[in-house]
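J.: Heads up, the sequence shown is in the working numbering, so the first residue is 1 and it goes up one at a time.
Here it is, the structure in full.
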Amino acid sequence: MDLKLMEFPADIGRYLLTLQVTDILDIGIMVFLMYHLLLLVRSTKAASLLKGLFIFLAALVLSGLLQLNGINFILNRMVEVGVLALIILFQPEIRRILEEMGSRRFMAFFTHSEVASSMEQTISQTVLACTEMSQSRTGVLIVFEREILLDDMVRSGTVLDASVSSELLKNIFFVKAPMHDGAVIVRQGRVLAAGCMLPLSKNVNLSRDLGMRHRAGIGMSENSDAVVVIVSEETGSISVAIGGMLKRHLKPETLENLLRNELLPQEENESDKQKFSLAGLLRTKQNGGADDAE
């Protein structure tokens, strides 16, 4: 065993000398894909599963180096069924990756100005409507679709395909309206559907103060790249959920800046991106203390 360990650095050196340009390119692509895979799952339960996988692989390697034959035999047998087990465990994340790969809008480059203008109007009307409904304590749940298409959610509601306006949003969420309990889904600056059902968050660590509307908004942000705006029916507080994270008690101007930085093309908002991104707001929250309970 000691002899093998002493020869290990020499083996690595000989291997490095045999590397070709294609090998370096191969390694670079794998590192790139692994990095973006980790970014994708870092805020989900897959992060914990990946840690467990790394521990398993480390135990497999160490058992071979230390000649723990019994443990190594068992771990090797587990590897044989490991691919199927990983597919089962990572099924939501694999689906999310495939959805992102299949929903890229390659024509967005050619319609850049039109989409940006439409989103500007959509954001201003949304902020106006949410401000008024916050004052009247009207419950609101608005989902801004980005690159992952939400057709499954759209089918659960009523298709509208209408321009976003403050009056339309207030009529949809009026307490006696038939679609007020569901969510509005906005695609490319238009109200695609209303009265839609959203998946609830599976995060068991959420505050008990959060009701079903907030849990649905967070759940939608966990399962897609959507930006979800929520107005509490109990307190009138405005919140935004992105990537499973929730920022509460937003002022109208903060809501507008956050939506602009998340929904408009990056080059148009680069100067304020860091200041009003959700991650930046959450860092401010950590530095300034916890939010008040809703």
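Glycine included, every Cβ here is placed at the ideal spot set by N, Cα and C.
As the structure is a computational prediction, the values presented were derived from the model and not from experiment.
1) Whole angstroms is fine: what's the gap from D23's alpha carbon to R14's?
2) Do you know whose CA, among N257, S239, R260, G243, lies nearest L250's CA?
3) Are there 16 or more other CB atoms within 10 angstroms of the CB of A194, so buried, or fewer, so exposed?
4) Between the segment 144–161 and the segment 219–234, can you find at least three pairs of beta-carbon atoms closer than 8 Å?
5) Determine the direct distance from the alpha carbon of P252 to that of V306, and round the result to whole angstroms.
6) Quick one: residues in its chain with C-beta nearer than 8 Å to the C-beta of M153, no 5 flanking neighbours on either side, listed in chain order?
7) Is it the case that the segment 154–170 contacts the segment 129–136, given that we only count it when at least three CB pairs across the two stretches are under 8 Å?
8) Taking 9 Å as the CB-CB limit, is N257 close to chain B?
9) Can you grab the Cα-Cα spacing for the pair E222 / H214, in whole Å?
10) Should A241 go down as buried or exposed, given a rule of 16 or more other Cβ atoms within 10 Å for buried?
11) For the beta strand (DSSP E) holding S163, just list the boundary residues, first then last.
12) Whose C-beta lies closer than 6 Å to the C-beta of E268 among residues of the same chain, with five residues either side of it excluded?
13) I'd like the span of the beta strand (DSSP E) that includes V140, first residue to last.
14) Taking DSSP as the reference, what is the three-state secondary structure of V186?
15) With a cut-off of 8 Å on the beta carbons, I'd call T122 and V159 a contact; round off their distance for me.
16) Can you have a look at N69 and say buried or exposed, based on whether 16 or more other CB atoms are within 10 angstroms of its CB?
17) Have a look at the DSSP bridge pairing and note the partners of I242.
18) Would you mind sorting E262 into buried or exposed? The rule is 16 or more other CB atoms within 10 Å of its CB.
19) What did DSSP end up calling G82 once you bin it into helix, strand or coil?
20) So who's on the other strand from A193, going by DSSP bridges?
21) Taking the alpha helix (DSSP H) that I172 falls in, what are its first and last residues?
22) What residue range does the alpha helix (DSSP H) around L259 cover?
23) If contacts are defined as beta-carbon pairs under 8 Å, then N205 and I218 qualify, I think. What distance do you get, rounded to the angstrom?
24) Looking at the secondary structure, which residues open and close the alpha helix (DSSP H) in which I218 lies?
25) For I12, which residues in the same chain have their Cβ closer than 6 Å to its Cβ, ignoring the five residues on either side in sequence?
26) Apart from the five residues just before and just after P178, which ones in its own chain have a Cβ nearer than 8 Å to its Cβ?
27) For G236, does the three-state DSSP call read helix, strand or coil?
28) Who are the Cβ neighbours of R105 in its own chain at under 6 Å, not counting the five residues just before and after it?
T.: Result, derived from the coordinates:
1) 14 Å
2) S239
3) buried
4) Taking 8 Å as the limit for Cβ pairs, the verdict is that the segment 144–161 does touch the segment 219–234.
5) Nothing in the structure corresponds to residue 306, since the chain is present only between 1 and 294.
6) V143, A183, I185, A193, C196, M197, L198, M220
7) yes
8) Considering every chain present, this structure includes no chain B. It has just one protein chain.
9) 12 Å
10) Answer is buried; the Cβ neighbour count reaches 16.
11) 158–163
12) Any answer about E268 is weak, because its pLDDT of 46 lies below 50 and its placement is not dependable; what the coordinates show is given next. Cβ neighbours of E268 beyond the five flanking positions: none.
13) 140–144
14) strand
15) The pair is not a contact, with the Cβ atoms about 18 Å apart (cut-off 8 Å).
16) exposed
17) The partner list for I242 (beta bridge, DSSP) reads V227, M245.
18) buried
19) helix
20) V159, I185
21) 166–172
22) 252–263
23) That belief does not hold up - the Cβ atoms of N205 and I218 are roughly 11 Å apart, past 8 Å.
24) It spans 212–222 - the alpha helix (DSSP H) in which I218 sits, taken as one unbroken run.
25) none
26) G195
27) Assignment of G236 by DSSP, reduced to helix, strand and coil, places it in the coil class.
28) With a pLDDT of 47 at R105, under the threshold of 50, the predicted position of this residue should be treated as unreliable, and no value is reported.
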